[in-house]
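The structure appears right after this line, and notes come after that.
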Amino acid sequence: MTEVYTLKASILNYIINFTVYDYVAYAWLLILFFVTILVSILLAKRSTLFSMIFLLLSLLLFFMGPFALKKYLDKSIRPLITKTLEVEKLIFSNSLIVTGSVKNISKNNFTICNVNVNVLKNSSSEIKNIFNKLKPFKTKSMFIKDLIVVNETKEFRVVFDNYVYSKEIDISIKLACY
305 MTEVYTLKAS ILNYIINFTV YDYVAYAWLL ILFFVTILVS ILLAKRSTLF SMIFLLLSLL
365 LFFMGPFALK KYLDKSIRPL ITKTLEVEKL IFSNSLIVTG SVKNISKNNF TICNVNVNVL
425 KNSSSEIKNI FNKLKPFKTK SMFIKDLIVV NETKEFRVVF DNYVYSKEID ISIKLACY
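Here the working numbering is used: the first residue of the sequence shown is 305, the next is one more, and so on.
Printed below as a string of structure tokens:
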């Protein structure tokens, strides 16, 4: 249930903090989708093969475009640097503390950041590590609601309670700042 809530919160946070660039980019994506559908319909009279290719292209654009667009917009408009500063397992309280930092390297100030920290089981097998990234051992999300001005670094701390895993782990931190 917490994964669904985390996903819902991050999507709503992204939509609430849309900029003009986001609106323009998604409008162009929607227009391009309808144009490829129209071309597919027009090509159906001449060649069904090309029509099907354009139809598949438009469906691929419709389903994969928003993810690629978000990644591109985050990289170009809202760039940031994330560092994991310290991972500390407390022995007496069964807690894991992850300390990290975020640096704003964009041209605009950030007013809110969504921090997702994943604890991943470490394995010697590369295939198991890929599966561990898809299904993390523990996940925690938080919001940084402080203003982060340009070229400022802000630290954050995430605490995992009831942490009893004793083997080697990896930490994955994903941030989305707006």
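C-beta atoms are modelled at their ideal positions from N, C-alpha and C, and glycine is treated no differently.
Let's test the definition: count the other Cβ atoms within 10 Å of the Cβ of residue i and tell me whether it reaches 16, buried, or not, exposed.
| i | result |
| --- | --- |
| residue 452 | buried |
| residue 342 | exposed |
| residue 415 | exposed |
| residue 313 | exposed |
| residue 316 | exposed |
| residue 479 | buried |
| residue 329 | buried |
Per the DSSP calculation, residue i is bridged to which residue(s)?
| i | result |
| --- | --- |
| residue 345 | Per DSSP, none; premise fails for residue 345. |
| residue 393 | 400 |
| residue 452 | 414 |
| residue 424 | 474 |
Is the separation between the beta-carbon of residue i and that of residue j shorter than 9 Å?
| i | j | result |
| --- | --- | --- |
| residue 473 | residue 424 | yes |
| residue 422 | residue 441 | yes |
| residue 371 | residue 418 | no |
| residue 333 | residue 344 | no |
| residue 413 | residue 427 | no |
| residue 361 | residue 340 | yes |
Considering Cα atoms alone, identify which of the options is closest to residue i.
| i | options | result |
| --- | --- | --- |
| residue 456 | 354, 482, 408 | 408 |
| residue 476 | 351, 309, 388 | 388 |
| residue 454 | 397, 410, 314, 376 | 410 |
| residue 465 | 400, 390, 438 | 400 |
| residue 307 | 336, 445, 449, 470 | 445 |
**OP:** Check whether the segment 381-389 touches the segment 355-371, counting contact only when three or more Cβ pairs, one atom from each stretch, lie closer than 8 Å.
**Re:** Flag = no, the segment 381-389 and the segment 355-371 do not touch.
Original post:
How about the segment 396-412 and the segment 452-469: do they share at least three Cβ pairs that are nearer than 8 Å?
Top reply: Yes, they touch.
Subject >> the segment 345-361 in contact with the segment 321-330 per 3-pair CB rule at 8 Å >> reply: The segment 345-361, when compared against the segment 321-330, does not touch it at the 8 Å Cβ threshold.
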